[in-house]
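Right, one structure below, let's go through it.
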Amino acid sequence: MGAQLRSGRRVEFSGAMWALLVGVLVAFALAIEIVARVNHIRGPLSLLATDLVGRPQIGEIKIAGMLLALVCLPSRLRLPVFGITVGLELAWNLQRVLVGNAGTVGNGILFVLLGLIGFAAWQLHGAERASTMKAAGLGLLLIVMGRVGDVWLVLSSRANPTVFDEYVELADRALGSPSWAVGSIVSQHAWLAEILSKVYVYLPVAAAVIAFFQLRNSARDGFPRHHIIRTFLLIGMIGPVVYFLFPVVGPTYAFGHELADAGWQDVWPMQLPIIGDPGALFYDQGIARNCMPSLHTAWAMCIFLHGWRGPLASKIFGTAWLVGTTGATLGFGFHYAIDVLAGAIFTLTLEAALTRPELGWSKHRLSVIAVGTTIFSGILLSTRYLSVEMATSGAIGGLLLIGAVLVVAAGFLTIELHPDVQEIPVDMAPLPPRPVALQDRAADMAHAARTWAGQTVGSISRELKKTESTKL
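Read left to right, the sequence shown gives residues 7 to 478 (my numbering).
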């Protein structure tokens, strides 16, 4: 794959473009809020209000948002902002401890990020104001989209009373049922389960670590044309749509004892369930249908790919996080192996659309995206309608599934590792050639002009000679 993947030159969006992006995202969050209220559940704005002044939840993504903001801030502001954030978090949690409640994280982070926007508008000027507002905005954006995702998950359970787990479990046997194999190992080693649980939960923080390598100089040099936050957010916006089309809850919920009376057969991870004719079965627990594709794997693949665009430490970190996340998703029974492969294909296809923007929207890029989309759709359709055939296919089915991932990965690399485009400055670029017909017409006109000029000059010369001879 070479020493490192490419990331493209740096670029600055105009103020109007940033305003448009913010407007689109705010409209998206408002739309989800309305849908949530119609379905009598709390929307993302309601959850964020509680995070701001009440008891915040899911502190990991708020820590990631704060780290992302610190990375993108002007260097002189990083230490003061970090100190204020720690102070506010300690103050909030001190009062919680005094009244006998457990500590948490989030209030101070949200107040600091909101305060940064006001401080930048009031006290800062020029490039420093712009970079500070962008840094705070990116941190808040990550947190807001996390809350939007939470609501999506609840909506997925409301929308689908039945799930496709029997189909997926059967199809997964073409790969050797890795979730059962890895799950049996993890369940017998507490230390391994502890490590993998931290990897699984702190995935947003891992994305912020990779963002450090890519965006640490953004306040001075501008943002790269492509970076991890773009892909990370798009995965979270597009991926959950599939949950409504292909509802799956995962082996630990469908075939295990993660929740009391939730599983149809309590056999995970020690033995495979007995499935006759598979069907879409009723599932009455309020568990998100968030398995197909595995977005945790999709995000970890994003961390891996962007990690390989950085130095050695970034490469090692990204690789380790992908391996650990795969082990966690399978080992805890949150996903089947096919979910994991679909998540990898999903990210590779999305990255094929986003990476190397300087190459433009060529036919080759579009064909790679089309192939990735077709393979992703084919896996879903095969799992739903050919699960029995996949389960009895032996090694052939597994090789085809793994080969599908390799095909999409190869297509992505043909774009990612494409030779650099040497762009000519506008003032040095040659003029486009004129059409042949115009060139011929111009030559004819020039010849006619020369002929007319010659004849005119000759006539004038002869008249002058006649005049001179008459005078003499």
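Ideal placement from N, C-alpha and C gives every residue a C-beta, glycine not left out.
Under 7 Å between C-beta atoms of residue i and residue j
i      : j      : result
Gly292 : Ser163 : yes
Ser193 : Tyr342 : no
Lys321 : Trp327 : no
Gly337 : Leu239 : no
Ile234 : Ala212 : no
Phe229 : Gly316 : no
Val118 : Ile90  : yes
Ile47  : Val150 : no
Arg222 : Val77  : yes
Gly71  : Leu122 : no
Lys68  : Gly112 : yes
Ile375 : Trp305 : no
Phe252 : Leu386 : yes
Gly145 : Leu54  : no
Glu66  : Pro257 : no
Ile4   : Gly330 : A question about residue 4 goes unanswered here, because the residues of the chain that appear run from 7 up to 478.
Asp57  : Leu120 : no
Residue i - DSSP class collapsed to helix/strand/coil
i      : result
Thr168 : strand
Pro230 : strand
Leu278 : coil
Leu392 : coil
Phe338 : coil
Leu130 : coil
Phe34  : helix
Val372 : One point to set straight first is that residue 372 is Leu, not Val, in the sequence displayed. DSSP places Leu372 in helix when its eight states are reduced to three.
Leu356 : helix
Phe252 : coil
Leu79  : coil
Ala22  : helix
Ala9   : In this prediction, Ala9 scores a pLDDT of 47, lower than 50, which makes its location untrustworthy; no coordinate-derived value is stated.
Chain-order list of residues whose beta-carbon lies under 8 Å from that of residue i (same chain, five-residue window excluded)
i      : result
Arg371 : Ala358, Ala359, Leu365 and Ile421
Ala38  : The residue asked about is misnamed: residue 38 is Ile in this sequence, not Ala. Gly49, Pro50, Val154, Val157 and Trp158, listed in sequence order.
Gly384 : Ala410
Thr335 : Tyr206, Ser300, His302, Thr303, His341, Asp345 and Val346
Val87  : Ala75, Leu76, Leu79, Val118 and Leu122
Chain-order list of residues whose beta-carbon lies under 6 Å from that of residue i (same chain, five-residue window excluded)
i      : result
Gly262 : Gly269, Trp274 and Gly339
Met396 : Ala177, Ala180 and Gly403
Ser137 : Pro80 and Ala225
Arg135 : Ala126
Leu198 : Val192
Residue i, enclosing alpha helix (DSSP H) - first and last residue
i      : result
Pro363 : Where Pro363 is concerned, there is no enclosing alpha helix (DSSP H), given that its DSSP letter is neither H nor E.
Ile408 : Ala401 to Glu422
Arg300 : Here residue 300 is Ser; the residue named in the question, Arg, does not match the sequence. No alpha helix (DSSP H) holds Ser300; DSSP gives it neither H nor E.
Gly262 : First-last for Gly262: undefined, no H or E at that position.
Gln220 : Leu209 to Leu221
Trp270 : From DSSP, Trp270 is part of no alpha helix (DSSP H); its letter is neither H nor E.
Trp186 : Pro184 to Ser193
Val105 : Premise fails: Val105 is in no alpha helix (DSSP H) and is neither H nor E.
Neighbourhood of residue i by C-beta distance below 7 Å, restricted to the same chain and skipping five residues each side
i      : result
Pro441 : Any reading at Pro441 needs caution, since the residue's pLDDT is 48, under 50, leaving its predicted position unreliable; the model's value is listed next. Hits under 7 Å: none found.
Val255 : Val169, Asp171, Tyr289, Ile293, Arg295 and Cys297
His424 : Arg362 and Leu365
Ala173 : It should be pointed out that residue 173 corresponds to Tyr in this sequence rather than to Ala. The answer, listed in chain order, is Pro284, Thr389, Arg390 and Ser393.
Gly378 : Ile351, Leu354, Thr355, Ala358, Val414 and Gly417
Gly109 : Asn99, Arg102 and Val103
Pro279 : Glu175, Phe261, Gln271 and Val273
Arg43  : Gly49
The ligand NAP heavy atom lying under 6 Å from the CB of residue i
i      : result
Trp158 : Ligands in the displayed structure: none, and consequently the ligand NAP is not present.
Three or more C-beta pairs closer than 8 Å, one from the region 93–106 and one from the region 165–178: is that the case here? Verdict: no, contact absent.
Cβ pair count under 8 Å reaching 3, the region 291–307 against the region 244–254: yes
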